[in-house]
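Going line by line, the protein sequences match chains S and R. Start counting the first sequence at 3; every next residue gets the next number (the numbering used here). Start counting the second sequence at 2; every next residue gets the next number (the numbering used here).
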Amino acid sequence: GAGVSQTPSNKVTEKGKYVELRCDPISGHTALYWYRQSLGQGPEFLIYFQGTGAADDSGLPNDRFFAVRPEGSVSTLKIQRTERGDSAVYLCASSPREAGELFFGEGSRLTVL
Amino acid sequence: GDSVTQMEGPVTLSEEAFLTINCTYTATGYPSLFWYVQYPGEGLQLLLKATKADDKGSNKGFEATYRKETTSFHLEKGSVQVSDSAVYFCALSPMNYGGSQGNLIFGKGTKLSVKP
């Protein structure tokens, strides 16, 4: 499809496990963003890539969270030693340029039991 | 730090009613302001934006005016339809002199339900 694709759409895991969430942006979009949306809250910025490099990772809550974008297209958000508080919808967005309109995927819902 | 405050929901209106969703912001510099909408089962999508004071963003019958003096960006529509039922998010993009940062700061969202 032409939009931002996120997989899996739903992930249930146990406390302490490792998870990976994948984002496939719109082809040709150079900027890629990860956000986290907890229940009843607005999306919260996590990290922003321009090309392959993380231009701003100030929103990552701690060192259990890490994201990569090795070829400047697909990105993976990695969460180590998951905690119940990590349960949220993780949103990915891409943009044709820095500060351009963001196009969001439908999100990956993570539930940590 | 920068922040966005929008009116609590849910908001329930009858079709053809007038809609206002209030949004105020706190920011340094000159942010850009946005309204995003999330329809049921879909991802967030940009509804409208304004990049400087007194700009009016408009789309699909919705309007919002960037008011620097009141630090507000209220969303309005003169006659809502059932298809407007969605969650609406106000957001800002922090902007320093000479460039933008690109990331967005969102409000908590306002759920709108329009009854026929």
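No residue lacks a Cβ here, since even glycine has one placed at the ideal position from N, Cα and C. It should be emphasised that the depicted structure is a prediction, and the values quoted were computed from it without experimental measurement.
query	result
Given that R/Lys-109 touches chain S, what residues does it touch there, using C-beta distances under 9 Å?	Gly-42, Gln-43 and Gly-44
Nearest-angstrom Cα distance between S/Glu-124 and S/Lys-13?	Any answer about residue 124 of chain S is impossible in this case: the structure gives chain S only from 3 up to 115.
Please identify, using Cβ separations under 9 Å, the residues of the stretch 40-65 of chain R that lie next to chain S, in order along the chain.	Gly-42, Glu-43, Gly-44, Leu-45, Gln-46, Leu-47 and Lys-50
Measure the C-alpha to C-alpha separation of S/Arg-24 and S/Gln-8 and round it to an integer number of angstroms.	6 Å
Are the C-beta of S/Tyr-50 and some C-beta of chain R separated by less than 8 Å?	yes
Counting only C-beta atoms, is S/Gly-74 closer than 8 Å to chain R at any point?	no
According to DSSP, is S/Arg-111 part of a helix, a strand, or is it coil?	strand
Could you check the C-alpha separation between S/Lys-80 and R/Asn-104 for me, to the nearest Å?	20 Å
Can you tell me which of R/Ser-84, R/Thr-71, R/Leu-34 and R/Val-88 puts its alpha carbon nearest to the alpha carbon of R/Ile-106?	R/Leu-34
By the 10 Å Cβ neighbour count, where 16 or more other Cβ atoms means buried, how is S/Arg-83 classified, buried or exposed?	exposed
Taking the alpha-carbon of R/Asp-56 as reference, which of R/His-75, R/Thr-21 and R/Gly-2 has the nearest alpha-carbon?	R/His-75
Out of S/Tyr-92, S/Ser-40 and S/Ser-29, point me to the one whose CA is closest to S/Gly-53's CA.	S/Ser-29
With S/Leu-104 as the anchor, note down where its beta strand (DSSP E) starts and where it stops.	Note, S/Leu-104: premise wrong, no beta strand (DSSP E); not H, not E.
Take S/Ser-96 as the anchor and find which of S/Pro-27, S/Thr-15 and S/Tyr-37 has the nearest alpha-carbon.	S/Pro-27
Using a threshold of 8 Å, state whether the C-beta atoms of R/Thr-72 and R/Thr-27 are closer than that.	yes
Between S/Phe-51 and the rest of its own chain, which residues show a CB-CB distance below 6 Å, the 5 nearest in sequence each way excluded?	Leu-34 and Arg-71
Measuring only the C-alpha atoms, how far is R/Val-115 from R/Val-88?	12 Å
Closer than 7 Å by beta-carbon distance: list the chain S residues that pair up with R/Phe-90, in chain order.	Gly-44
So which of S/Tyr-20, S/Ser-11 and S/Thr-113 has the shortest CA-CA distance to R/Gly-44?	S/Ser-11
For S/Ser-77, which of helix, strand or coil comes out of DSSP?	strand
Report the rounded CA-to-CA distance for R/Gly-62 versus S/Gly-61, giving the unit in angstroms.	34 Å
If contact means a Cβ-Cβ distance below 9 Å, which residues of the stretch 22-40 of chain S contact chain R?	Ala-33, Tyr-35, Tyr-37 and Gln-39
Counting along the chain, where does the beta strand (DSSP E) carrying S/Phe-51 start and finish?	46-52
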